[in-house]
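Protein chains in written order, with our numbering: chain F, 1435 to 1691; chain V, 1435 to 1691; chain L, 1435 to 1691; chain Y, 1435 to 1691. Positions of the beta carbon are idealized from the N, C-alpha and C atoms, including for glycine. Quantities reported herein were computed from a predicted structural model and do not represent experimental measurements.
Protein chains: 4
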Amino acid sequence: MAAAEEAGKHVFCEKPIALDLEATDRAIAAVAKAGILFQIGFQRRFDPAYAKAKALITSGALGTIEHIRDTMRDPGPPPRAYLEVCGGLYRDMTIHNFDCVRWLMGREPREVFAMGSSLVDPMFAELGDVDTSIVSIRFDNDALAVIDNSRRSNFGYDVRTEVFGSKGALLIGQHADTPMLRLDAEGTHTDHVYFFLERFAGAYITELQVWIAAIQAGKAEGPDGRDARAAIALAYAAEASRAERALVDCSRWSAPA
Amino acid sequence: MAAAEEAGKHVFCEKPIALDLEATDRAIAAVAKAGILFQIGFQRRFDPAYAKAKALITSGALGTIEHIRDTMRDPGPPPRAYLEVCGGLYRDMTIHNFDCVRWLMGREPREVFAMGSSLVDPMFAELGDVDTSIVSIRFDNDALAVIDNSRRSNFGYDVRTEVFGSKGALLIGQHADTPMLRLDAEGTHTDHVYFFLERFAGAYITELQVWIAAIQAGKAEGPDGRDARAAIALAYAAEASRAERALVDCSRWSAPA
Amino acid sequence: MAAAEEAGKHVFCEKPIALDLEATDRAIAAVAKAGILFQIGFQRRFDPAYAKAKALITSGALGTIEHIRDTMRDPGPPPRAYLEVCGGLYRDMTIHNFDCVRWLMGREPREVFAMGSSLVDPMFAELGDVDTSIVSIRFDNDALAVIDNSRRSNFGYDVRTEVFGSKGALLIGQHADTPMLRLDAEGTHTDHVYFFLERFAGAYITELQVWIAAIQAGKAEGPDGRDARAAIALAYAAEASRAERALVDCSRWSAPA
Amino acid sequence: MAAAEEAGKHVFCEKPIALDLEATDRAIAAVAKAGILFQIGFQRRFDPAYAKAKALITSGALGTIEHIRDTMRDPGPPPRAYLEVCGGLYRDMTIHNFDCVRWLMGREPREVFAMGSSLVDPMFAELGDVDTSIVSIRFDNDALAVIDNSRRSNFGYDVRTEVFGSKGALLIGQHADTPMLRLDAEGTHTDHVYFFLERFAGAYITELQVWIAAIQAGKAEGPDGRDARAAIALAYAAEASRAERALVDCSRWSAPA
């Protein structure tokens, strides 16, 4: 990324910018200094259902948002070689949920509590990582969010988000890949969504279209360095909470002035 | 039933009143003469979903009703001994659909075309009966309805009705008995509704409550002799259409003056 | 198309080849004579749900197919100028269903009965057309199919197909465009699929990929001239049935020897 | 209850036995001493979907249970007079979830963390209570559970439970009261379940049938004093966690020897 900045190239960056907060802050500062455009690859924001949810929330149709439940399960764990370098559950996987709940809530997090276990495979414990996790977040307006993850569903990719407001709720999710029910003596059956490339195929296209439009317009509109930093800071908070077995205050990972 | 009428007892009668139109007409005349209350057991009218559908239609919320699709499949065929005395598919099974579409449409049928096959079991053909059938009905306002039946679903009881109006539609149906999804490597699964006693458990209770209230009030409000006759007349029309391989006019089975 | 054939170009043709059977037969003969590849634009065959359904049927997983219910409603009627030249409901709209049920059944139709009405707009009656229709089809193995159509749903594009076999059933359909439920005091709500371009966006891409692969391989694998002719012949049968108010035999529209 | 025990009457008790743990322990001891039968009113255990879920879990069909998500929202808050005496969110409402997750998990809780807010109505804060809450629980085998509640959904009664095992998952829930979709220009709509009496109508009947059978057999099979105590102890733990803003160890509320 440093090379791109030096060359004055605009940067579209897959999440996360970096696995540590310091490098993230340096990259953001470099982008600002270079005056280039930047977009982080939080593709979920460009999924039609999530985009419609955000629009409904912004419109006030749901009233004040009070609670968000966000769940994500991968079909199965990645190989150990990947786990060793990915930064752990919170920086690698939950980071999408951290961005999602913060984006939908439209507020900043204040407190975090994380509870995790290694249940899926002993290698997670060996690496000091967890494969099953619950993260509770209190936002600065006392609204709450809870994120739960697993590295192995055994039933495909499970991505569902529920937003509860004072006037109503939204439930985003998808159990079936194909709109077909199969009925037999055992009951009614559908197929399932395999993984993120299938679930978010359209979102990946849209996020690049938004990015190209941003370059053409000379103005970035997508998730930016501040969003990327906020998500990685939440990962730090979750890790600290788990290590300290305590509620942690997000101000410990505030952005540099 | 004759005995009940002579004794002046009110009569709640399971469908059909009789397997032939002449006996049905005689029973209706006897009820009228005896001045007793009468209700026919079209329990589907008392199911919460169907009752709500009828109320929405009557309220005008769907605009003019233009088309109704009504489907019913039994989990498996009844024993041959039952088939020999039940009056055939149209008087025994489709009769519920005949009442349902006429009741929801709120109009009288004008023309009927039936197409049937014996595919499930050779005994249906041996008995001159069909086990798989499509009946098309034109009502007196040119609105249409189509009913399809099978004597064997192999996936539980399948009762679904769709009502299409100029302003919108209703889809009544139920694939799962229990509101529980089961997810595994094969996909997402639900159980199914076993048969009519399970699907219409509440409706059977409500129809009796309505009947008891009718007796207490001295005034019947449920489906009556005229409804029973209209359904059996449609069964006659479907049988004639199948035998004659032709569109038939419902006026051939008009009620006696 | 004649020009393309003369030039020896392979032909991908949107349905129908022609609005009359004679021109269709001439085109098919010309394609055969020119030795060029041909594919007709029945895109539904390339939709993931329909393709999976066909594969399940072919695999025998559903047992013998006994009945197919196929429904299609457009959100609203096309302009009168289109209706005047489109060939009427059966050649313009139902033709997709004719191909669909014949393809899924894997058998040839033997008898057809059509019942239609003009309920949506008086212009349909003025043009001698119908806007609401039920077509019953008996196949050469006595299996049945029923197709119902409307030129106006008022609730988006409604395309659903149900296949009933001796061992189980498939229900293909899609009520929601986005996998999001919205809950409020009125109940639970989803959006709907707007029209065919949205519903079959992927299928249009896949059918062209299949066509390009066919040209590269020098061998067509998609729906061909025989399929196109069979669908238009069913439209003829439905029109004749409606005009004659009678069951018609499909052999009246057999392909030339 | 003391009177019943003195009189030697069997006791069916609505949850909770008492609002404090000491009285609960005294009641349990009195029941034991009197040698009478006892059943606590955790009706959810008798709902067909929950009962089927428990049976599937016990059968091993889901493998090892790793995570449970349990959510419950009331349509709207109870009156202040009720809130003043009900014991607060955790003893009054979450107690059902505490029993549910412990029963489905089949393990004992080890650690609890609770995060709550008063967002729905200021009276909750005035009473020192919360109306929106997340409770994370670690069980003695490191499996996790998360419960979230709200005192006001504005969209009916929301009771859904998700169980994730090493081989698959169960999602129990019900958005619609009546199996009817309504489609119009706005989308597809269903009604919703009003409140607990509607959702658990069958469960209330079954729990009493089980209780009557227990009396006849002289042996209680339903949720007992130990279950009642475990649920109230979890409420204590959640309250302490909220007050102390810390993870708490369940052994602080162990049953007396």
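Query, Result
"In angstroms with no decimal places, state the Cα-to-Cα distance between P1613 of chain L and H1626 of chain L.", "10 Å"
"With three or more C-beta pairs closer than 8 Å as the rule, is the segment 1653 to 1665 of chain F touching the segment 1466 to 1474 of chain F?", "yes"
"So the candidates are Y:D1555, Y:I1499 and Y:Q1608; which of them puts its Cα closest to the Cα of G1599 of chain Y?", "Y:I1499"
"Can you round the beta-carbon distance between F1629 of chain L and P1511 of chain L to whole angstroms, since I take them to be within the 8 Å contact cut?", "In fact, because the Cβ distance is near 13 Å, the residues do not count as touching under 8 Å."
"Ends of the alpha helix (DSSP H) at S1688 of chain Y?", "Neither: S1688 of chain Y is in no alpha helix (DSSP H) and is coded neither H nor E."
"Counting only runs that start and end within the segment 1440 to 1501 of chain F, where is the beta strand (DSSP E) found for 3 or more residues in a row?", "1445 to 1447 and 1472 to 1474"
"Can you pull the chain V neighbours of K1601 of chain Y, defined as C-beta to C-beta under 7 Å?", "D1618"
"How far does the beta strand (DSSP E) with G1599 of chain V in it extend, from its first residue to its last?", "D1592 to G1599"
"Among Y:V1465, Y:E1673 and Y:D1683, which has the Cα closest to the Cα of M1527 of chain Y?", "Y:E1673"
"Using CA coordinates, which residue listed in V:T1505, V:E1448, V:A1464 and V:E1439 is at the minimum distance from I1581 of chain V?", "V:T1505"
"Could one say the Cβ of D1555 of chain L lies closer than 7 Å to chain Y's Cβ atoms, at least one of them?", "no"
"For T1505 of chain Y, does the three-state DSSP call read helix, strand or coil?", "strand"
"Do L1455 of chain V and Y1670 of chain V have their C-beta atoms closer together than 7 Å?", "yes"
"When you compare each of F:D1592, F:V1465, F:R1585 and F:K1486 to S1551 of chain F by their alpha carbons, which one comes out closest?", "F:R1585"
"Looking at chain V, is there any beta carbon in it that lies within less than 7 Å of the beta carbon of L1624 of chain F?", "For the record, residue 1624 of chain F in the displayed sequence is Thr; it is not Leu. Chain V, which has a Cβ nearer than 7 Å to the Cβ of T1624 of chain F, makes this yes."
"For the alpha helix (DSSP H) that T1624 of chain L lies in, which residues bound it at each end?", "Segment G1621 to T1624 is the beta strand (DSSP E) holding T1624 of chain L; no alpha helix (DSSP H) there."
"Would you mind telling me which residues of chain Y sit closer than 8 Å to E1704 of chain F, beta carbon to beta carbon, in chain order?", "Lying outside 1435 to 1691, the shown extent of chain F, residue 1704 of chain F is not represented and no answer is given."
"Can you tell me the Cα-Cα spacing of A1647 of chain Y and V1546 of chain Y, whole angstroms?", "36 Å"
"Under 8 Å, CB to CB, which of the residues in the segment 1458 to 1471 of chain V have a partner in chain L?", "none"
"Checking 7 Å against the spacing of the C-beta atoms, do R1572 of chain L and M1539 of chain V come in under that value?", "no"
"Do V1535 of chain L and A1495 of chain L have their beta-carbon atoms positioned less than 7 Å apart in this structure?", "no"
"State the Cα-Cα distance for the pair R1594 of chain Y and H1609 of chain V, rounded to the nearest angstrom.", "19 Å"
"So, does the CB of D1576 of chain F fall closer than 7 Å to a CB anywhere in chain Y?", "yes"
"Leaving out the 5 sequence neighbours to the left and right, which residues in its chain are closer than 7 Å to R1478 of chain Y when beta-carbon positions are compared?", "Y1484, H1530, C1534, F1634 and A1637"
"Beta-carbon of N1531 of chain L versus every beta-carbon of chain V: anything under 7 Å?", "no"
"Label G1442 of chain V either buried or exposed according to how many other C-beta atoms from any shown protein chain fall within 10 Å of its C-beta, with 16 as the threshold for buried.", "exposed"
"Of the residues that make up the segment 1482 to 1499 of chain Y, which ones have a beta carbon closer than 8 Å to any beta carbon in chain V?", "P1482, A1483, K1486, A1487 and L1490"
"By the 10 Å Cβ neighbour count, where 16 or more other Cβ atoms means buried, how is Y1516 of chain F classified, buried or exposed?", "exposed"
"So who's on the other strand from P1543 of chain L, going by DSSP bridges?", "L:F1573"
"Taking A1603 of chain V as part of the beta strand (DSSP E), name the residues at either end of that continuous run.", "A1603 to I1606"
"In the DSSP assignment, the beta strand (DSSP E) including D1582 of chain L goes from what residue to what residue?", "L1578 to S1584"
"Is there a Cβ of chain Y sitting closer than 7 Å to that of P1509 of chain V, yes or no?", "no"
"Go through its chain and collect everything with a Cβ distance to A1667 of chain V's Cβ below 6 Å, but skip five positions before and after it.", "W1687"
"Determine, using beta carbons only, whether D1618 of chain V and G1602 of chain Y come nearer to each other than 7 Å.", "yes"
"Where S1587 of chain F and L1604 of chain Y are concerned, what is the direct C-alpha to C-alpha distance, given to the nearest angstrom?", "11 Å"
"Counting only the same chain and skipping the five closest in sequence on each side, list residues whose C-beta sits under 7 Å from that of Q1597 of chain F.", "Rather than Gln, the amino acid found at residue 1597 of chain F in this sequence is Val. Hits under 7 Å: A1487, I1491, L1496, I1499, I1502, L1538, A1603 and L1604."
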